[in-house]
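Reading through the C-alpha cells given below for one structure.
There are 2 protein chains.
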Amino acid sequence: MSARVVPEGSRQRRRPTKQGAVLSERLIVDTALRLVAQHGAEALSVRRLGAALGADPSALYRYFRNTDALLLAIADELIGRAQEGWEATGDWRADLRAMGLRIHRSYLAQPQAALLAAHRTTGRPHETRAVEKILGILRDGGFPDPLAVRVYHAFVDQALAFAAQDAAAAALPEAAGEADTEVWGEVYGRLPAETHPHIAATYPLLAADMQGSGYPFALELMLTALEALHPDTGGGAEKGHTKRK
Amino acid sequence: MSARVVPEGSRQRRRPTKQGAVLSERLIVDTALRLVAQHGAEALSVRRLGAALGADPSALYRYFRNTDALLLAIADELIGRAQEGWEATGDWRADLRAMGLRIHRSYLAQPQAALLAAHRTTGRPHETRAVEKILGILRDGGFPDPLAVRVYHAFVDQALAFAAQDAAAAALPEAAGEADTEVWGEVYGRLPAETHPHIAATYPLLAADMQGSGYPFALELMLTALEALHPDTGGGAEKGHTKRK
DNA sequence: GACCTTACGTCAACACCATTGACGTGTAAA
DNA sequence: TTTACACGTCAATGGTGTTGACGTAAGGTC
C-alpha cells in the first residue's frame, strides 16, 4: 500500500537520479517512444526504460501506477502528434479525409507504440481535443446530431482500427513479420486454380494490392457513402437507416 | 538445435503424458481457446497451457516451434469457425454483409484470442478458404478484377481491424476495461461547453452510441459506397478513383 | 541558516514468463 | 523380439512486472 501511487503531475520534488537524470512524466513518455522506435515494442520493459532513463526501474512507479497507465500516456502523445499544426478548413469531406489520414500516419510512425495504444480510450487532453474537432467537422458540415454521432463513432473507430491493424504489420517481431509476408508468396502464389480459382485468377493483382494499406481506399468508400447520407446532397432519410439497433 | 522442431502433423508416435493425456495439435489449440475464454488472455502462457493439458510445458514445443506458431493456429481456428455452415447466396451485398458480421462475431466470441490473432496472416487452410470465398462473391457479383481486389482488401482489413478493436475492448484486463468505460462518464460527461461545445452538445447521444461497436454502421457505409462503384448500378468510372497509388 | 517532513530514488525480493539442452522411456515398426 | 527414435520430462537460464522497506536530499518554515 503506502501512498506509493503517483502524486499529481504538477508539484514534485525532483530529486536527480543517481546517474544525474531528472525525471518527469514528459521525459519518461518521450524516452519510451524513442526506445520503442529504436529497438521495437519488445524493448519496452520497465527495466529497460529505467536503464534508458538512467534510473532505477522502480522509480517509474512514482509517476505511473503501472505499465498500463504509462501506455495511456503514450497513446495520448500519439493522438496529440496527429493533430499538431493542423486546422479544419470547413470542407467536411476534405477535413475528414485529412483527419483520418493524419491519425493513421501518426500511429504508423510509431507502430510499436501504436499497437499498444490504439485500442484504448485515454480521456486525456489530446484525445478530447481530437474528439471535439471531429464532431465539429461533422456538425458544422451539416450532419444532424444523431447522424453526426454515429458517423463520428464509425469514422474514429475505423481510423484507429486500421491504424492498429497496419501498425501490427509494421511492428511484428521481425521473424513473424517475415513469415506473414512470405505467406503471400509461398502459400497464396501456389494455390492451384482447381481448388482456389478466384485466388489463382487474381493473384498478381492481389499480391500487389496487399502490399499497401487498405485504409485509404476504405476511407474513400466511407466518404462516398457519407455524401449519400448527407441531408443536402444525398437526401438523408432514404438510404441511411440500417436495421441494427 | 537438434531436430527439436515440430514433426509434420500427420504421423506421430503419441505417447501419453504422465497424467494420461494424449497430446495433439488439435487438442492443444482447443485447450488454449478454452483457457483464454475462461481466464482471459493473460492466462495463456506456455506453463498454464501445459498445466491445463496435463503435460510438461515444454512438451508444447514438440508441436509448435514457438508461441507465435501456436497463435497462428488459434487464429486459423477462429477464421474457420466464422465460416462454419454458411454458403453464399449469390447476392453480393447480402453475402458481404453476412461474411463481415460473421467474421466480426466469431472473433468477438473469443476476444482474448482474437486480439492476439486478428493482425496475422496465417496462410492456413481456413484462411485461404475465406479469401477464396470473398473474392468469389465480388467477382461473381460483377466487380471487375482490379476493383474486386481493392475491395477485397478494404473489406477484409476492415472486418479484421474492427474485430481486433472491439475484441480489445472486451478483452482488457478487467481493471483497464473499467477505466476505459469510466472515462466516458467521468471525463467526457464533465467537459464544459465553453471548451468542448460539440462534445457537450451531443454527450447523451455520444455516450449511448459509444457503448456498441461502430462496425455494423461502418460496414453499411462501405456497402453503400460499393453500390455506387458497381459497374451495373453506379457507373464504375465516375467516382471510384482515389488519388492514391 | 537550521529544522523538519516527506517525496522519491534505490535496493532486494517475489512470482511469473518463454525457451532450450540433455535425458530416458515407451511405442511402433522391422 | 529387437531396435530406433519420437516425444514427454527435468532443470536451468535470463528475462518480465511489481512491491515493501529504507534513507537521503529537497522544500517549506521559522
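As given, the protein sequences belong to chains Z and A, one line each in that order. Here the working numbering is used: the first residue of the first sequence is 1301, the next is one more, and so on. Here the working numbering is used: the first residue of the second sequence is 1301, the next is one more, and so on. For every residue, glycine included, the Cβ atom is placed at its ideal position computed from N, Cα and C. As the structure is a prediction and not an experimental result, all values here were calculated from the model.
| Query | Result |
| --- | --- |
| Where do the N-terminal and C-terminal ends of the alpha helix (DSSP H) with Met1510(Z) fall, by residue? | Taken as a continuous stretch (DSSP letters only), Met1510(Z) belongs to no alpha helix (DSSP H), as it is neither H nor E. |
| Run through chain Z and tell me which residues come within less than 8 angstroms of Ile1499(A), C-beta to C-beta. | Thr1428, Val1431, Glu1432 and Leu1435 |
| Let me know the secondary structure DSSP gives Val1336(Z) once reduced to three states. | helix |
| Among Leu1349(Z), Gly1512(Z), His1498(Z) and Leu1519(Z), which one has its Cα closest to the Cα of Glu1325(Z)? | Leu1349(Z) |
| In chain order, what are the residue ranges of uninterrupted alpha helix (DSSP H) at least 4 long that sit wholly in the region 1347-1406 of chain Z? | 1367-1383 |
| Can you grab the Cα-Cα spacing for the pair Glu1482(Z) / Glu1387(Z), in whole Å? | 41 angstroms |
| Does the Cβ of Gln1293(Z) have 16 or more other Cβ atoms within 10 Å, making it buried, or fewer, making it exposed? | Coverage of chain Z is limited to positions 1301 through 1545, which leaves residue 1293(Z) absent and any answer about it impossible. |
| If you measure between the beta carbons of Ser1406(Z) and Ala1369(Z), is that distance less than 8 angstroms? | no |
| Say whether chain A places a C-beta atom closer than 8 angstroms to the C-beta of Gly1546(Z). | Past the edges of chain Z, shown from 1301 to 1545, lies residue 1546(Z), and the structure says nothing about it. |
| Quick one, are the C-beta atoms of Leu1460(Z) and Thr1422(Z) less than 8 angstroms apart? | no |
| Go ahead and label Ala1412(Z) buried or exposed: buried means 16 or more other beta carbons lie within 10 angstroms of its beta carbon, across all protein chains shown. | Residue identity differs from the one stated: residue 1412(Z) is Gln in this sequence, not Ala. The residue is buried, with at least 16 neighbouring Cβ atoms inside 10 Å. |
| Within the 8 angstroms Cβ cut-off, does Met1522(A) reach chain Z? | yes |
| Beta-carbon of Phe1517(Z) versus every beta-carbon of chain A: anything under 8 angstroms? | yes |
| So what does DSSP say about Ala1469(Z), is it helix, strand or coil? | helix |
| Given that Leu1506(A) touches chain Z, what residues does it touch there, using C-beta distances under 7 angstroms? | Val1449 |
| Do you know how far the Cα of His1530(Z) is from the Cα of Arg1334(A)? | 46 angstroms |
| What is the rounded straight-line gap between the Cα of His1404(A) and the Cα of Asn1366(Z)? | 31 angstroms |
| Mind checking whether Asp1480(A) and Arg1420(Z) have CB atoms under 8 angstroms apart? | yes |
| On the DSSP letters alone, give me the boundaries of the alpha helix (DSSP H) that His1426(Z) sits inside. | Pro1425 to Asp1440 |
| Short check: CB of Phe1443(Z) to CB of Met1522(Z), under 8 angstroms? | no |
| In whole angstroms, give me the CA-to-CA distance for Leu1505(Z) and Thr1331(A). | 38 angstroms |
| Roughly how many angstroms separate the alpha carbons of Asp1532(Z) and Val1329(A), rounded to a whole number? | 53 angstroms |
| Helix, strand or coil: how does DSSP classify Phe1443(A) here? | coil |
| In the DSSP assignment, find the unbroken alpha helix (DSSP H) run with Pro1411(Z) in it and report its ends. | Pro1411 to Ala1417 |
| State yes or no: is the beta carbon of Thr1533(A) nearer than 8 angstroms to at least one beta carbon in chain Z? | no |
| Which class does Arg1247(A) belong to by DSSP, given the choice of helix, strand or coil? | Residue 1247(A) is absent from the model: chain A starts at 1301 and stops at 1545. |
| Using a Cβ-Cβ cutoff of less than 7 angstroms, which residues in the same chain neighbour Arg1314(Z) once the five nearest sequence positions on both sides are dropped? | Val1322 |
| Taking DSSP as the reference, what is the three-state secondary structure of Ala1501(A)? | helix |
| Could you tell me whether the Cβ of Gln1412(A) comes closer than 8 angstroms to any Cβ of chain Z? | no |
| Please determine, among Ala1398(A), Tyr1361(A), Leu1415(A) and Pro1357(A), the residue with the shortest C-alpha to C-alpha distance to Leu1378(A). | Leu1415(A) |
| Skipping 5 residues on each side, what residues in its chain have a beta carbon closer than 7 angstroms to that of Ala1448(Z)? | Leu1435, Leu1438 and Arg1439 |
| Ignore the nearest five residues each way along the sequence and tell me which others in Leu1353(A)'s own chain have a CB closer than 6 angstroms to its CB. | Ala1321 and Thr1331 |
| With 16 as the cutoff for other CB atoms within 10 Å, does Gln1458(Z) come out buried or exposed? | buried |
| Just to confirm my understanding: we take Ala1500(A), look at its own chain, exclude 5 residues before and 5 after, and list those with CB closer than 8 angstroms. What are they? | Leu1491, Pro1492 and Ala1493 |
| So, is Ala1518(Z) buried or exposed, given that buried needs 16 or more other C-beta atoms within 10 angstroms? | buried |
| Please tell me whether Ala1468(Z) has its Cβ less than 8 angstroms away from any Cβ of chain A. | yes |
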